[in-house]
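A quick write-up on the structure given underneath.
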Amino acid sequence: MKRSFSIFIKLFVILQSISVLCVSEEFDFFYFVVQWPGSYCDTKNHCCYPKSGKPAADFGIHGLWPNYKDGSYPSNCDPDALFDESQLTDLMSKMQKSWPTLSCPSNDGLKFWSHEWVKHGTCAESELDQREYFEAALKLKDKVNLLQILKDAGIKPDDRFYDLDKIKDAIEEATGFTPGIDCNVDSSHNSQLYQIYQCVDTSGSDFIQCPRLPRSRCPSRVQFPKF
Numbered sequence: 001m002k003r004s005f006s007i008f009i010k011l012f013v014i015l016q017s018i019s020v021l022c023v024s025e026e027f028d029f030f031y032f033v034v035q036w037p038g039s040y041c042d043t044k045n046h047c048c049y050p051k052s053g054k055p056a057a058d059f060g061i062h063g064l065w066p067n068y069k070d071g072s073y074p075s076n077c078d079p080d081a082l083f084d085e086s087q088l089t090d091l092m093s094k095m096q097k098s099w100p101t102l103s104c105p106s107n108d109g110l111k112f113w114s115h116e117w118v119k120h121g122t123c124a125e126s127e128l129d130q131r132e133y134f135e136a137a138l139k140l141k142d143k144v145n146l147l148q149i150l151k152d153a154g155i156k157p158d159d160r161f162y163d164l165d166k167i168k169d170a171i172e173e174a175t176g177f178t179p180g181i182d183c184n185v186d187s188s189h190n191s192q193l194y195q196i197y198q199c200v201d202t203s204g205s206d207f208i209q210c211p212r213l214p215r216s217r218c219p220s221r222v223q224f225p226k227f
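According to UniProt numbering, the sequence shown is numbered sequentially starting from 1.
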């Protein structure tokens, strides 16, 4: 009996150690992901404007996602994590503007932000607490005006089709770093510019060259829909 109990204790300690390692394992970089609301809404799925009203015709934050260089990523690193709205009280107006939700039914964004924190943010707690995580994403959004960069290159949200390489080149020329581009498909089966990925160091402060770009689902020409 004593031997069995001793083995049980050893196994428990080992499992606890593995659990801690899984939670605290360091990541290599962030993907900072923004999405075009016109492409989100222009699909077979419905979109709903948030309770604060229709968002501006601008890229909105999707998330700040820890990643590994091998293409994998951690998620839901703290099963007991809770989203604390009170930590973001003074950031709410900026969150609504820069990180709007378009999911239905119309809502205030708290569910979206809670999901991003629990799934992705908790895996960055070694670097950023909850408030710092959301502040970092907002600051990154302010650092690079992707819509203006594209407009300056003659690429506008006017329902026209543009060369994917020209979109990438415009962003790389303005920022110094190659972006990742993700597309979705509208109800007419047109591929649309949907999400732009930029890579960020583990402090969440500075853009870097991507150690690994996400797999693209885009053809050589994509539509930039109105919103």
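Beta carbons are placed, not taken as given, at the ideal position from N, Cα and C, and that holds for glycine.
Query	Result
Inter-residue CB distance, Asp-186 and Ser-216 (contact presumed, cutoff 8 Å)	That pair is no contact at about 17 Å.
Status (buried if at least 16 other CB within 10 Å, exposed otherwise) for Gln-209	exposed
Cβ shell of Ala-57 (< 6 Å), same chain only, five flanking positions each side left out	Phe-227
Candidates Lys-141, Phe-30 and Ser-86, of which the one nearest Ser-114 by Cα	Ser-86
Beta-bridge partners of Cys-199, as assigned by DSSP	Tyr-31 and Ile-208
Own chain residues within Cβ distance below 6 Å of Val-33, not counting five before or after	His-62, Gly-63, Gln-195 and Tyr-197
DSSP-derived helix/strand/coil call for Ser-24	Confidence is the limiting factor: at Ser-24 the pLDDT is only 44, short of 50, which leaves the residue's position unreliable, though a coordinate-based value still follows. Here Ser-24 sits in helix by DSSP.
Option nearest Asp-90 by Cα separation, candidates Tyr-162, Arg-131 and Asp-78	Arg-131
Cut-off 6 Å between Cβ atoms - residues of its own chain near Asn-76, not counting five sequence neighbours on either side	Lys-119
Per-residue DSSP class, three states only, for His-62	strand
C-alpha distance - Cys-22 paired with Pro-50, whole-angstrom precision	Unreliable placement is indicated for Cys-22, whose pLDDT of 43 sits below 50; no coordinate value is reported for it.
Backbone CA spacing between Phe-29 and Pro-179 [nearest angstrom]	14 Å
Beta-carbon proximity check, Ser-191 vs Gln-148, cutoff 8 Å	no
Cα-Cα separation between Asp-206 and Asp-152, rounded to whole angstroms	23 Å
Contiguous beta strand (DSSP E) assignments of at least 3 residues, all confined to the region 105 to 187	161 to 163 and 180 to 185
Strand pairing of Arg-221, partner residues [DSSP]	Asp-163
Proximal residues to Pro-219 (C-beta, below 6 Å), its chain only, five neighbours per side dropped	Ser-191
Alpha-carbon to alpha-carbon, Ser-52 and Ser-24	Any reading at Ser-24 needs caution, since the residue's pLDDT is 44, under 50, leaving its predicted position unreliable; the model's value is listed next. One C-alpha to the other measures close to 37 Å.
Presumed contact (8 Å Cβ cut-off) between Pro-74 and Phe-27, rounded CB distance	6 Å
Span separating the alpha-carbon of Arg-221 from that of Pro-100	27 Å
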